[in-house]
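Residue numbers (my numbering): 463 to 717.
Below, the structure written as structure tokens:
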């Protein structure tokens, strides 16, 4: 068994620590900073067993070099053909990886970046900057069509699957979601819960796939009324579902 703990980094990042409950084995996901990780490990009296990387962006990788100075020879898993050169064990789509008694499938999710991968199984998923609570990542390298298909891959996960993304963007994402679907009662209820969490400086994460299916507009692009409130200046082609998604992403980029 494993327990997942959030380690706060920067202003709104979470570095997720995967802790084996039967041993000191500890892994971290996307360590953009080293010091918060070292403080966590020191407090918990745990060593660092390895690192998982979802994509090359600096706020997910800048802590790796310093952590390797403290814990030499640990593996750094990450996407094959990544711009980040610190990966020691490259992962390809559909590879499997077992750490802390958990087996993950590697899912390639281009869109935010071209190298982006997610670590998933039916119980939990580390989605980096692909899927957020109430949102999805900006399209820095990939296309809207790529991102839509990436999200479709994640939608195959069961409702109970816990989603661990890397940023506390939830309230901002839900403000946009409410503009898209102002009559979504479940969304309003979830916003209220998230406001309570943040008011106590508590994470809104993990979310789960069941909630996201109901409140995340980027997973709901196929719904007939999803573009009813789309401003005219963001209206483009809607011939396919991924084009509807593209309209939503453009609106969010300018929200």
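The C-beta atom is built at its ideal place from N, Cα and C for all residues, glycine as well.
As the structure is a prediction and not an experimental result, all values here were calculated from the model.
The ligand SAH heavy atom lying under 7 Å from the CB of residue i
i, result
"residue 654", "No copy of the ligand SAH appears in this structure; indeed no ligand is present at all."
Where the beta strand (DSSP E) containing residue i begins and where it ends
i, result
"residue 467", "464–471"
"residue 680", "Premise fails: residue 680 is in no beta strand (DSSP E) and is neither H nor E."
"residue 589", "586–590"
Extent of the continuous alpha helix (DSSP H) to which residue i belongs
i, result
"residue 624", "Premise fails: residue 624 lies in the beta strand (DSSP E), 624–627, not in any alpha helix (DSSP H)."
"residue 531", "526–532"
"residue 652", "647–661"
Assigned secondary structure, residue i (DSSP; H/G/I helix, E/B strand, else coil)
i, result
"residue 717", "coil"
"residue 542", "coil"
"residue 479", "strand"
"residue 414", "In the structure as shown, the chain starts at 463 and stops at 717, and residue 414 therefore has no counterpart that could be examined."
"residue 510", "coil"
"residue 505", "helix"
"residue 666", "coil"
"residue 703", "helix"
"residue 522", "helix"
"residue 692", "coil"
"residue 672", "helix"
"residue 493", "coil"
"residue 500", "helix"
DSSP bridge partner residues for residue i (one or two, in chain order)
i, result
"residue 552", "540"
"residue 564", "561"
"residue 488", "481"
"residue 570", "579"
"residue 597", "594"
Segment contact flag, the region 548–561 with the region 526–539, C-beta cutoff 8 Å, min 3 pairs: yes
Taking contact to mean at least 3 C-beta pairs separated by less than 8 Å, is the region 591–604 in contact with the region 621–637? yes
Say whether the region 670–688 touches the region 700–716, bearing in mind that this needs 3 or more beta-carbon pairs closer than 8 Å, one atom from each stretch. yes
Complete runs of the beta strand (DSSP E) confined to the region 602–645 [at least 3 residues]: 624–627
Indicate whether the contact test is met: 3 or more Cβ pairs, each with one atom in the region 526–535 and one in the region 566–573, closer than 8 Å. no
Assess contact between the region 507–517 and the region 663–673, defined as three or more Cβ pairs (one per stretch) separated by less than 8 Å. Is contact present? no
Cβ contact check for the region 483–500 and the region 516–526: 3 or more pairs under 8 Å: yes
Would you call the region 578–585 in contact with the region 553–568, where contact means no fewer than 3 C-beta pairs closer than 8 Å? yes
Using 8 Å as the Cβ pair cut-off and three pairs as the minimum, do the region 671–681 and the region 642–651 touch? yes
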